[in-house]
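**Q**
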Amino acid sequence: MPLAGETTASLIARVAAGYGLENRALLSAWRWLNHRPRHDSGTLRADAEVLLDAPGRRVLAGMCGAEQEVLGRALPSWGREDAKLATGGGGSGEPRAMWRVGGAVAGPVAFGCRLCAARRTGAAVTVVRYVPRWGRVCVRHGRWGLDADADQRLEYLDVRGVPEVAAAQRRWASVARRAVRAGTGPERVFALAQAVVARWWEQALQWERETIWPRRLHQVAGGDAGGDLERWRIVGRDAVVFPEVVAVAEALLDPAMAELVWADSGAGRPRALPADGLFCRRLGERLGRTWLGPLAATDHGGPLIAWMGSVIRLRRGAGGPPGYDNDPWWLRQEHQAATVASQLRVLGKEKKAPGSGTMWRAAVPAEQRMLITSTLDSVQEQLLQLRGVQTGPTAEVARRLLRGLGHSASLIENAWKRTALAAVNGGVPLQEVARWADMPVEVLRETLTASGRRAAGG
Numbered sequence: 005m006p007l008a009g010e011t012t013a014s015l016i017a018r019v020a021a022g023y024g025l026e027n028r029a030l031l032s033a034w035r036w037l038n039h040r041p042r043h044d045s046g047t048l049r050a051d052a053e054v055l056l057d058a059p060g061r062r063v064l065a066g067m068c069g070a071e072q073e074v075l076g077r078a079l080p081s082w083g084r085e086d087a088k089l090a091t092g093g094g095g096s097g098e099p100r101a102m103w104r105v106g107g108a109v110a111g112p113v114a115f116g117c118r119l120c121a122a123r124r125t126g127a128a129v130t131v132v133r134y135v136p137r138w139g140r141v142c143v144r145h146g147r148w149g150l151d152a153d154a155d156q157r158l159e160y161l162d163v164r165g166v167p168e169v170a171a172a173q174r175r176w177a178s179v180a181r182r183a184v185r186a187g188t189g190p191e192r193v194f195a196l197a198q199a200v201v202a203r204w205w206e207q208a209l210q211w212e213r214e215t216i217w218p219r220r221l222h223q224v225a226g227g228d229a230g231g232d233l234e235r236w237r238i239v240g241r242d243a244v245v246f247p248e249v250v251a252v253a254e255a256l257l258d259p260a261m262a263e264l265v266w267a268d269s270g271a272g273r274p275r276a277l278p279a280d281g282l283f284c285r286r287l288g289e290r291l292g293r294t295w296l297g298p299l300a301a302t303d304h305g306g307p308l309i310a311w312m313g314s315v316i317r318l319r320r321g322a323g324g325p326p327g328y329d330n331d332p333w334w335l336r337q338e339h340q341a342a343t344v345a346s347q348l349r350v351l352g353k354e355k356k357a358p359g360s361g362t363m364w365r366a367a368v369p370a371e372q373r374m375l376i377t378s379t380l381d382s383v384q385e386q387l388l389q390l391r392g393v394q395t396g397p398t399a400e401v402a403r404r405l406l407r408g409l410g411h412s413a414s415l416i417e418n419a420w421k422r423t424a425l426a427a428v429n430g431g432v433p434l435q436e437v438a439r440w441a442d443m444p445v446e447v448l449r450e451t452l453t454a455s456g457r458r459a460a461g462g
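If you're matching positions, the sequence shown starts at 5 in the numbering used here and goes up one per residue.
(1) Return helix, strand or coil for D242, following the three-state DSSP convention.
(2) Terminal residues of the continuous beta strand (DSSP E) containing M102?
(3) Thinking C-alpha only, which one of H145, C117, W103, T125 is nearest V135?
(4) Quick check on DSSP: helix, strand or coil for L150?
(5) Rounded to the nearest angstrom, what separates V239 and V132 at their Cα positions?
(6) Would you check if the segment 121 to 128 and the segment 196 to 214 touch, i.e. whether three or more CB-CB distances between them fall below 8 angstroms?
(7) Considering D162, what are the terminal residues of the beta strand (DSSP E) in which it resides?
(8) Cutting at 6 angstroms between CB atoms, please list the residues of its own chain near G313, excluding the five before and the five after it.
(9) What does the Cβ neighbour count give for E472, buried or exposed, with the cut at 16 atoms within 10 Å?
(10) From the DSSP output, read off the bridge partner residues of R42.
(11) Skipping 5 residues on each side, what residues in its chain have a beta carbon closer than 6 angstroms to that of A460?
(12) Would the segment 18 to 28 and the segment 70 to 89 be scored as touching if the rule is three or more Cβ pairs under 8 angstroms?
(13) Here's the rule I'm using: 16 or more other beta-carbon atoms within 10 Å means buried, otherwise exposed. How should W36 be labelled?
(14) Pick helix, strand or coil for C120, following the three-state DSSP scheme.
(15) Can you check whether the CB of V163 is closer than 8 angstroms to the CB of V141?
(16) Going by C-alpha distance, which of H145, P59, M261 is nearest W97?
(17) Could you have a look at A183 and say whether DSSP puts it in helix, strand or coil?
(18) Where does A271 land, buried or exposed, given buried means 16+ other C-beta within 10 angstroms?
(19) V132 lies in the beta strand (DSSP E); which residues open and close that run?
(20) Alpha carbons only, please: which of R157, G292, L308, R144 is nearest the one belonging to H43?
(21) Here's the rule I'm using: 16 or more other beta-carbon atoms within 10 Å means buried, otherwise exposed. How should P274 be labelled?
(22) Quick check on the DSSP output: the alpha helix (DSSP H) that includes A262 runs from which residue to which?
(23) Could you give the DSSP three-state label for L209: helix, strand or coil?
(24) Take N38 as the anchor and find which of A29, T47, E53, S45 has the nearest alpha-carbon.
(25) Give the secondary structure of W217 by DSSP, where H, G and I count as helix, E and B as strand, and everything else as coil.
(26) For the candidate residues S269, L348, F246, whose alpha-carbon lies nearest to that of G139?
(27) If you measure between the beta carbons of F115 and A152, is that distance less than 8 angstroms?
(28) Which of the three DSSP states, helix, strand or coil, is assigned to E53?
(29) Please name the residue in A13, E191, L7, A33 whose C-alpha comes closest to that of A78.
(30) Answer yes if the segment 284 to 301 comes into contact with the segment 221 to 232, meaning at least three C-beta pairs across the two stretches below 8 angstroms, and no otherwise.
(31) For R192, I'd like the list of residues in its chain whose CB is within less than 6 angstroms of its CB, leaving aside the five on either flank, ordered along the chain.
(32) What are the start and end residues of the beta strand (DSSP E) that includes A29?
(33) Between the alpha carbons of R181 and E263, how many angstroms are there, rounded?
(34) With three or more C-beta pairs closer than 8 angstroms as the rule, is the segment 301 to 311 touching the segment 277 to 286?
(35) Determine the extent of the beta strand (DSSP E) in which V113 is found, giving its start and end residues.
(36) Straight-line CA distance for W217 to D331?
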């Protein structure tokens, strides 16, 4: 029998295991229109999904011994067809199927709890389900289901030693109801709160007073994440910060907290948001970090300040017509939290060829990344003009092109220097930084020294 929210591909694999067959033996019952998706490394994707045409669905229902209505209620992808499935069948009635990536079919895909599957079906096999990020905890067994779209071997994290994670999942139900009452979708509130906390997570390596997240990370890593800290910070992030994400979502939905934002803005007498504002101070207290307020208040360009700005504009009635500028829950693309899969891809490139993963897009802050990309797009347009479609004198187009290239190069160079300085200050040997920077140690030392003097105003 299917499990609620299960992918069709996962069900097929479980049915094959139930018959004592390899998965590929059962897959031969359908004519496939494409190949199963794989990761860049060549491994099969665990989040692969199957779409079936009507004859194909009848075949699977017969294998399961279940009514199609039952399968339709349990499987989110049931009944969804691709245009290729709807045409080209020739009326032969041959069961056909095609592969897709689960995230493009019905939302985020994660591993389910094997122990729960064994309790339901009698077999402890891999289960892949469509499940939102706020429902990843198996409370019965204390497991956090990891994303199935990442190319990594773990299916879950043991969160029995961090009971606040399961408690946060139980609290989320009331947060979701409050979001609906506020006239917005719970998924939008969660995405914004996750973006806020994920940004803090990236900054937290420099926070000497942060002790909660390191404790949790070591716990979910089996007691010690130090042996592979970079990877564990990626794989464990969503589980470790989940209680803070729920707490931030609660705060953003609290009208009393919105009143503090209004007071910080000067209410009827507009002023710049202060570093010691009431809202960020209270937010830090709600998160059990009284020292966090000033850090959050001065993180300009982030999603939290953007949310505060929208709240203020709405209160002043200066937001203009409906749109993202006056929608507090609008999450800009550059603010969205990087996924585990994308971060692991960058880490994998870095390990294979040092320097290849830490490219400028990975090193530059989101707001500057957008500025550089915009500049480069403008440069590309000007290059087209130089190829014969210019609307002004060639010399002027060339000058604009050089200015754009120079500006982008300057931004990228500054971002690289900040990254190198952070690496050295974080304990990475200068020789190692020089190796991935592909420059002599003496040149790197001189470059970073000059950057330090300029930063200090010397």
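Ideal placement from N, C-alpha and C gives every residue a C-beta, glycine not left out.
On a predicted model such as this, the values are computed, not experimentally measured, just so you know.
**A** The structure says:
(1) helix
(2) 100 to 105
(3) C117
(4) Here L150 sits in coil by DSSP.
(5) 17 angstroms
(6) no
(7) 160 to 162
(8) none
(9) Nothing can be reported for residue 472, as the shown portion of the chain is limited to 5 through 462.
(10) L48
(11) Any answer about A460 is weak, because its pLDDT of 47 lies below 50 and its placement is not dependable; what the coordinates show is given next. Contacts found: none.
(12) no
(13) Exposed, because fewer than 16 other Cβ atoms sit within 10 Å of the Cβ of W36.
(14) When secondary structure is reduced to three states using DSSP, C120 falls in the helix class.
(15) yes
(16) Inspection of the sequence shows that residue 97 is occupied by Gly rather than by Trp. Answer by Cα proximity: P59.
(17) Under the three-state reduction of DSSP, A183 is assigned to helix.
(18) exposed
(19) Start and end: 132 to 134.
(20) R157
(21) exposed
(22) 259 to 268
(23) Per DSSP, reduced to three states, the secondary structure at L209 is helical.
(24) E53
(25) helix
(26) Answer by Cα proximity: F246.
(27) yes
(28) strand
(29) L7
(30) no
(31) W333
(32) From DSSP, A29 is part of no beta strand (DSSP E) but of the alpha helix (DSSP H) over 27 to 31.
(33) Looking at the backbone, the Cα of R181 and that of E263 are separated by about 21 angstroms.
(34) yes
(35) 113 to 115
(36) 31 angstroms
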